[in-house]
Amino acid sequence: MEIWRTAWRNLWRNRRRTLVTLAAMALALCVMILYSGLLGGYLRDMERNITALEVGDLQVHAAGYLDDPSLHTRIAQPEALLARLRAGGYRATPRLLAWGMAAAQESSAGVSFRGVELASDSGVSSIHRRLQQGRWLDSADPQGIVIGRQLARILAVSPGAEIVALSQGADGALAAGLFRVRGVLQSIGDATDRAGVFMTAAAFRELFVLPGGAHQIVVRRPGTLALPAAAQAVRAAAAGLDVQTWRERMPTLASLLDSARGGMLVMFFIVYAAVAILVLNAMLMAVFERIRELGVLKALGVGPGGVLALMLAEASLLSLLAIAAGAALAAPFLHYLQVVGLNLASLAGVSFMGVAMNPVWRAHVNAAVFAEPILALLLIVAAAVCYPSLRAAFLDPVQAMRHS
Amino acid sequence: MLLSMAWRNLWRRRRRTLITLSSIAFGTMLSWLFTGVGDANWRAMIDLAARLGGGHVALQHPAYLDSPALSRSLPSAESLRARALNDPEVLRAAPRISGQMMLASAARNYGAVFIAFDPALEDATTLSLLDAMHAETGADPRAALFDARGRGGIALGARLAERLNVGIGDKVVWTLTDKQGEIVQEALRVRALLRSGSPGVDGAMALLPIAPLRESLGYAPGEAVQVALFLRDQRAAQRVADRLQVQLGGSAVSALPWHDLQPELAGYIAMEVASSDFLEAVVMLLVAAGIFNTLFVSVMERRREFGVLRAIGFAPAQLTGLVMVESACLGLTGVAAAALLFLAPYYYLREVGLDISGLMGGGAAEVAGVALPSVLHADLYAGSAVLITALALLATLLAGLYPAWRAGRVDPAETIRLV
């Protein structure tokens, strides 16, 4: 107890220096906490955009479809599989996919048609809430379609406009239909923005003369189940079909998201290295100012362990104060970033690896957001105080007392 | 004399000065390196984006940006091209027709993004896709787009060709809406494949020669949708665009810099630059706090000495000046040390680069459809280097202000008595 009192008093003998050191440590900690929270939010939102908007956690295709996506390569009995999956607590929806052309008044574009089963799709994907203009599909309006935002720009159409869809039906004949734009999506991802045309499954089946089957089943796992376990279970349920997780569908993105945490370590290192030098210098100055006094202490019989403990106690108190100040400083900013977020309207529509980034960047807050920067700070301070503390602990009392 | 006194003072506490110097050197070097990597990285991305389409500055119909239809063309693209080339900062200029088309084979049909270019005017330095083009013959890819009788064919992304179930020599039919809004179709032979590793290219791109397409679309000879301009330095894009807008004049054409053509990429780069500037500012602030600490303690230690100097006739301003010179010496020496430390890693990053493709699992990361460099290089702009150096010195001087002021304020009668 005594040692802590002494350490506390020592800390405040040079008030201004201690305050400056404290402020610098607190600032660095605050920045790292905010950074870590923003990064966590970014990673969470990216994964959410991938799984909740387009890809889902898992996708089921007929064997060979991904290598050669033909209208004819279908999952023959999707209903049975869907029922099995739903019984297991999974949310799942069938999708119908085809490519063709959409023509408006002035221009035309190659597009990807997607037939959606409205009732189950809204439980799997939140795309129906991501409209920039107009409304989502409605089974009462089979001629209504929803298109990607770049496509709307290329075709120069807005809700209400007519579009002619052209392709080749399953019967080999020309598939043509007149549709009306019901809605235009927000930025979803490169492929959907540029070419996505969503229609009801019924309208798709009629256009492409396709009575049964599905090209793709998008699956969301129950929240409690880890992705690998879910993949295993779905593979067992979907024998003979091709089951892939979103990580397998987008391997580069998955590994980039995994390595983003590693990038944070680099940031920690850089900012904290500057802190380490600061702390090292402050502690060294504290030792040399007091060199005579430390000599007296040792002459009075305080061993190296006692002096070391005193120095470490000072460093611990300094760190605790810095952590309290840094966390207190970060908390309101972090709260703001979590609730309001950074508005990236200027970035509207920017995609990373083809996946859209959210227009508002919010921080994700959990214990790790605080724990990791604090732990890193403690480690770096521990490293920085080693030399000054050992130096103080092993002073020669005779020489130290003569030091002027 | 102030200078030599200041210099000697600094080295009275060698260890402390060395530690402070190392923090200045560390902070400055880091900022140089970070900014250098950023400068090189963003330039590479901007140049790549320019070579993927549009150039650094594009001349196009004023309404094309909002709704890109083939009816919004530049009938006098050829003369615009010639006039743009007169600008000293414009290196190359290429007329293009680009847009979306539907491609059909006997079995399938898919949408594709197409670029029609003039093979006589372009190579891989203006159209990066030509690097990815592999013709059967292995001859010059541009010549490979034409058959023996000079008829133009088409190059398809490898994945797109696979999906259409066609190979080199097979026929595909493209469908487009022409200048009059009529739907036109034409069959072309696949003459080459594009293999770049980027899903956006391999799965969705088509290249074709511009001349035959002009005919099919009802364009006049010399007509194009866009003239892509390539500059000596991408940083001049806005300036050149403004200048050309005035020179080419009128409402029939607009000159747009790359960041108007690709606002997403520009936004991403702006965000990255801002966050690295912020990081550098934080590090500099920490360094400045360290300098403040050192100088302040060294002034407090020397109060007695300053009192003596005052007593023998030094003016307060001279003492303040002395400490300011000390802090300037610290700053300059720190920056010099930073320069020494900086050279080796900078040279390495500049000449060899840091391969980060491992972080991406071997794939290519793309932002807004533009691949991020998989090898980090550094190439610091002179302007950035000067700015960072000036800011580092300024931070040192600012950190010295308060200690210097305190030094000038010592009361000789009181401080001389201090033990």
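So the protein sequences, as listed, match chains A and B. Just so we're aligned, residue 1 is where the first sequence starts under the numbering used here, counting upward by one. Just so we're aligned, residue 1001 is where the second sequence starts under the numbering used here, counting upward by one. Glycine residues also receive a C-beta, built at the ideal position from the N, C-alpha and C atoms. Predicted model, so just to flag it, every value in this text is computed and none were measured.
Find out if the Cβ-Cβ distance for the pair residue i, residue j is shorter than 8 Å.
i           : j           : result
Ser-1327(B) : Leu-1295(B) : yes
Ile-1388(B) : Gly-1307(B) : no
Ile-291(A)  : Ile-374(A)  : no
Leu-1127(B) : Arg-1043(B) : no
Met-283(A)  : Pro-388(A)  : yes
Lys-1171(B) : Ser-1073(B) : no
Arg-1092(B) : Ala-1132(B) : no
Leu-1208(B) : Ala-1337(B) : no
Val-275(A)  : Ile-147(A)  : no
Trp-136(A)  : Tyr-1110(B) : no
Ala-92(A)   : Ser-120(A)  : yes
Leu-131(A)  : Leu-185(A)  : yes
Leu-1213(B) : Gly-1055(B) : no
Val-1227(B) : Ser-1098(B) : no
Val-1335(B) : Thr-1028(B) : yes
Val-234(A)  : Val-219(A)  : yes
Tyr-35(A)   : Met-357(A)  : no
Glu-1366(B) : Gly-1200(B) : yes
Glu-372(A)  : Asn-10(A)   : no
Ala-214(A)  : Arg-74(A)   : yes
Ser-167(A)  : Gln-133(A)  : no
Ala-384(A)  : Val-287(A)  : no
Can you pull the DSSP bridge partners for residue i?
i           : result
Trp-361(A)  : Leu-342(A)
Arg-180(A)  : Gly-144(A) and Glu-162(A)
Val-60(A)   : Ile-217(A) and Val-243(A)
Pro-1257(B) : Val-1057(B)
Pro-1209(B) : Phe-1117(B)
His-1134(B) : Leu-1193(B)
Met-311(A)  : Answer by DSSP bridge pairing: none, since Met-311(A) is not bridged.
Thr-1177(B) : Ile-1183(B)
Pro-94(A)   : Ile-217(A)
Asp-1355(B) : Val-1375(B)
Gly-189(A)  : Val-355(A)
Trp-99(A)   : Ser-112(A)
Val-1323(B) : Partner(s): none; Val-1323(B) has no beta bridge.
Phe-1146(B) : Gly-1152(B)
Glu-1366(B) : Ala-1371(B)
Gly-1157(B) : Leu-1194(B)
Leu-174(A)  : Gln-168(A)
Comparing alpha-carbon positions, which option in the options lies nearest residue i?
i           : options                                               : result
Thr-1017(B) : Ser-1298(B), Arg-1195(B) and Asp-1131(B)              : Ser-1298(B)
Glu-248(A)  : Arg-95(A), Ala-26(A) and Leu-227(A)                   : Leu-227(A)
His-403(A)  : Arg-220(A), Glu-106(A), Glu-289(A) and Arg-221(A)     : Glu-289(A)
Ser-108(A)  : Arg-5(A), Ala-156(A) and Asp-171(A)                   : Ala-156(A)
Gln-1318(B) : Arg-1406(B), Trp-1011(B) and Gly-1150(B)              : Arg-1406(B)
Val-1190(B) : Ser-1067(B), Met-1001(B), Ala-1368(B) and His-1134(B) : His-1134(B)
Ala-412(A)  : Glu-162(A), Leu-81(A) and Asn-14(A)                   : Any answer about residue 412(A) is impossible in this case: the structure gives chain A only from 1 up to 404.
Gly-172(A)  : Gln-143(A), Ala-165(A) and Phe-208(A)                 : Phe-208(A)
Leu-1256(B) : Ala-1266(B), Glu-1272(B), Ala-1237(B) and Gly-1267(B) : Ala-1237(B)
Arg-405(A)  : Gly-89(A), Ala-80(A), Glu-106(A) and Glu-117(A)       : There is simply no residue 405(A) to check, as chain A begins at 1 and stops at 404 in what is shown.
Ala-152(A)  : Arg-220(A), Leu-66(A) and Val-111(A)                  : Val-111(A)
Gly-1150(B) : Leu-1065(B), Pro-1119(B) and His-1061(B)              : Pro-1119(B)
Leu-38(A)   : Leu-342(A), Pro-359(A), Glu-206(A) and Leu-395(A)     : Leu-342(A)
Gly-305(A)  : Leu-390(A), Ser-255(A) and Arg-114(A)                 : Leu-390(A)
The alpha helix (DSSP H) spanning residue i covers which residue range?
i           : result
Ala-26(A)   : 15-48
Ala-235(A)  : Note that residue 235(A) is Arg in the sequence shown here, rather than Ala. Where Arg-235(A) is concerned, the enclosing alpha helix (DSSP H) stretches over 227-237.
Ser-255(A)  : 251-289
Ala-1252(B) : Run containing Ala-1252(B): none; DSSP gives neither H nor E here.
Leu-1168(B) : The displayed chain sequence assigns Ile, not Leu, to residue 1168(B). Note, Ile-1168(B): premise wrong, no alpha helix (DSSP H); not H, not E.
Met-1001(B) : Element bounds for Met-1001(B): n/a, residue is neither H nor E.
Phe-1034(B) : 1014-1052
Just to confirm the assignment, what range does the beta strand (DSSP E) spanning residue i have?
i           : result
Gly-1111(B) : 1109-1117
Arg-1096(B) : 1090-1104
Trp-136(A)  : Element bounds for Trp-136(A): n/a, residue is neither H nor E.
Phe-1230(B) : 1226-1231
Met-199(A)  : 196-200
Ala-170(A)  : Here Ala-170(A) belongs to no beta strand (DSSP E), and DSSP marks it neither H nor E.
(request) Please determine if the stretch 43-58 of chain A and the stretch 186-206 of chain A are in contact, where contact requires at least 3 C-beta pairs separated by less than 8 Å. (result) yes
(request) For the stretch 1279-1295 of chain B and the stretch 360-377 of chain A, state whether three or more C-beta atom pairs, one from each stretch, are separated by less than 8 Å. (result) no
(request) Pair every Cβ in the stretch 1083-1092 of chain B with every Cβ in the stretch 1266-1283 of chain B, then say whether three or more of these pairs are closer than 8 Å. (result) no
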